[in-house]
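Reviewing the structure listed below.
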Amino acid sequence: MLFRSVTLNRLTPFVSTFTAPIVTSDQVLTFSATVTDDEGAISAPDTIDITVQPVPAQVTLRGQVLYERVPLDFRGLRYPELGFVELSAEVLIEAVDATTQAVIASGRFAGNYELSVPGAANIMLRATAETARQAPLPLPHWQIAVRDLDVNGAPLGPVHSYTSPAFSSRGGVIRHLQIPSGWTSTGQLVGPRAAAPFAILDSVQAGLVAVLNVLPGADFPPLTIDWGLNNAGGLTFYQRTAAGRRIVLAAEVDVDTDEYDPPVILHEFGHYLDDSFARSDSIGGSHSIGERVDMRVAFGEGLATAFSSMARNNPEYRDSFGVGQGAAGFFSIENDSAINEGWYSESSAHEIVWEIGRAHV
4 MLFRSVTLNR LTPFVSTFTA PIVTSDQVLT FSATVTDDEG AISAPDTIDI TVQPVPAQVT
64 LRGQVLYERV PLDFRGLRYP ELGFVELSAE VLIEAVDATT QAVIASGRFA GNYELSVPGA
124 ANIMLRATAE TARQAPLPLP HWQIAVRDLD VNGAPLGPVH SYTSPAFSSR GGVIRHLQIP
184 SGWTSTGQLV GPRAAAPFAI LDSVQAGLVA VLNVLPGADF PPLTIDWGLN NAGGLTFYQR
244 TAAGRRIVLA AEVDVDTDEY DPPVILHEFG HYLDDSFARS DSIGGSHSIG ERVDMRVAFG
304 EGLATAFSSM ARNNPEYRDS FGVGQGAAGF FSIENDSAIN EGWYSESSAH EIVWEIGRAH
364 V
C-alpha cells in the first residue's frame, strides 16, 4: 500500500483543507476522523475516500473579458448604475507566469478568451488596451492603442494594460477577467482607473464597425489615443503631427473626464476618419454650438458630430463634466434649434449631414 503524507489545514473548527499531492496516476486518500466529547468518550472512526488525479500537462483556461463601465445620461455619469460589461473590442490577452512574468500563452480576443496553459501553474491574466488587425491578414487593417503621451505626442510609457491577481490553473478553470473602474457606486474613486482605456476602445469599436459596414476593405492608418491621469479637463482634440495621428482625451477628475463619454470619443474619431479617408480643411481652434465660426471649422465639427451619432445610432449628444462628473452638456442633432443657422454654424452642418446619412443607411 502506498502512503502519502498530507497536512490538514484547520480553517474553522468544522472545516479542514489539504493540498493534494502531485501524482502520476489516480491515488485514493483515505481520511479518518473521530470525535471526543467533553467527558472523554471517543466515537467510532468515520472515514472518507478522496481520489487525487494526475495533473495534465496542459489545460484550457477560458472566460469572459469584462470591464467596469459607468453609464452616461443627460445628468452626467451614473455611478449607482456601474457594472461589468463584455468588451467588444478585440485586444491582446496574455497568460503570464506569476513568478517570472514570462508570457505562457497569448491571443487576441473580444468578449471571450480561451488559452492553453500548463496544468499546475500560478498564473496572472493581462489585457492590453490595443486593438489591431495587421498584415499578413487581409484587409481591413487597423491599429489603435490607448496610452499616455507627452505634449509632443511621444509615449510616456507602454500601452495601458491591466493584470489580474494570481491564481492556480490546476485542473483547468473558467476565470473571467474583470477590469475594475476604480469607482464605487457612490462616485468615490478608490483604486486605479484600469477600465478607462478599455471603455475608450469599446467606444472606438462602434466607429470601426460603422465604417466597415460600408467599406469592408478599409485600411485605417495607425491611431494613438492619448489618455492619462494628467490630461487636463476640457482639452479634448484630434491632431496629426510628425509623430502620427492621435486623439487626446480629457481625464481630470471633478473637472472633465471623457473615458465614459462615447459621443465625445466618436466625435474625435470622426475627425480622424475625415483626415484619413477624405480631405480635412478645418483650421481647428475653440468653438461652441451656435457660435459663428470659419466655415471650414463648422463643416469639420458638424461632420464629426454627425458621425458620432450615426455610429451610435443615437441623435443625442452628451458630455459629462464637473464635480463627480455629475453634470452633462446635452443636445439632439435632430431637434437642435441652431442659433445663427448657416454654413458658419456647426449645428447646421451636423443636422444636414445627419439627415443625409440617415437617408442612405
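Position in the sequence shown counted from 1, then plus 3, gives you this note's numbering. For glycine and all other residues, C-beta sits at the position ideal for the given N, C-alpha and C.
Check: What's the gap between the Cα of M4 and the Cα of T63?; Outcome: Bear in mind that a pLDDT of 42 at M4, under 50, signals an unreliable position, so the number given afterwards is only what the model happens to contain. Computed Cα separation, rounded: 34 Å.
Check: From E255 to Y320, what distance separates their C-alpha atoms?; Outcome: 20 Å
Check: For the beta strand (DSSP E) that E133 lies in, which residues bound it at each end?; Outcome: 133-136
Check: Using the beta-carbon count (16 or more within 10 Å), is L90 buried or exposed?; Outcome: buried
Check: Using alpha carbons as the reference points, say which of G293, I96, T227 lies closest to R65.; Outcome: I96
Check: Heavy atom of the ligand PLP less than 6 Å from the Cβ of G43, yes or no?; Outcome: By its list of ligands, the structure shown contains no ligand whatsoever, and the ligand PLP lies outside what it can speak to.
Check: On the criterion of 16 or more Cβ atoms from any shown chain inside 10 Å, does A124 qualify as buried, or is it exposed?; Outcome: buried
Check: Are A98 and L118 touching if we call contact CB-CB under 7 Å?; Outcome: yes
Check: CA-CA distance, E71 and V193?; Outcome: 14 Å
Check: Considering only residues of the region 213-269, which uninterrupted beta strand (DSSP E) runs meet the minimum length of 3 residues and lie entirely inside it, listed in chain order?; Outcome: 226-229, 240-244, 247-251
Check: Which one of G303, S35, S283, L211 has the shortest CA to CA distance from S291?; Outcome: G303
Check: Which first and last residues belong to the alpha helix (DSSP H) in which L306 is found?; Outcome: 298-315
Check: Indicate the three-state DSSP secondary structure (helix, strand or coil) for S109 in the structure shown.; Outcome: strand
Check: Output the distance between the C-alpha atoms of Q61 and V68, rounded to the nearest integer angstrom.; Outcome: 22 Å
Check: Just the Cα atoms here: how many angstroms apart are F6 and D151?; Outcome: Because the pLDDT of F6 is 49, which lies under 50, any placement of that residue in the model is unreliable, and the number read from its coordinates should be weighed accordingly. C-alpha separation (whole angstroms): 58 Å.
Check: Enumerate in chain order the residues of its own chain whose CB-to-CB distance from G220 is below 7 Å, with the five nearest sequence positions on each side excluded.; Outcome: L142, P143
Check: For the beta strand (DSSP E) that contains A98, what are its first and last residues?; Outcome: 94-100
Check: Mind checking P121: buried by the 16 CB within 10 Å criterion, or exposed?; Outcome: buried
Check: Less than 8 Å between C-beta atoms, sequence neighbours within five positions excluded: which residues of the same chain meet that for V300?; Outcome: S285, I286, G287, G288, H290, E349
Check: I336: which of E354, G160, N343 sits nearest, CA to CA?; Outcome: E354
Check: What does the alpha-carbon distance come out to for the pair D277 and A101?; Outcome: 44 Å
Check: For the pair the region 179-187 and the region 234-249, tell me if three or more CB-CB distances fall below 8 Å.; Outcome: no
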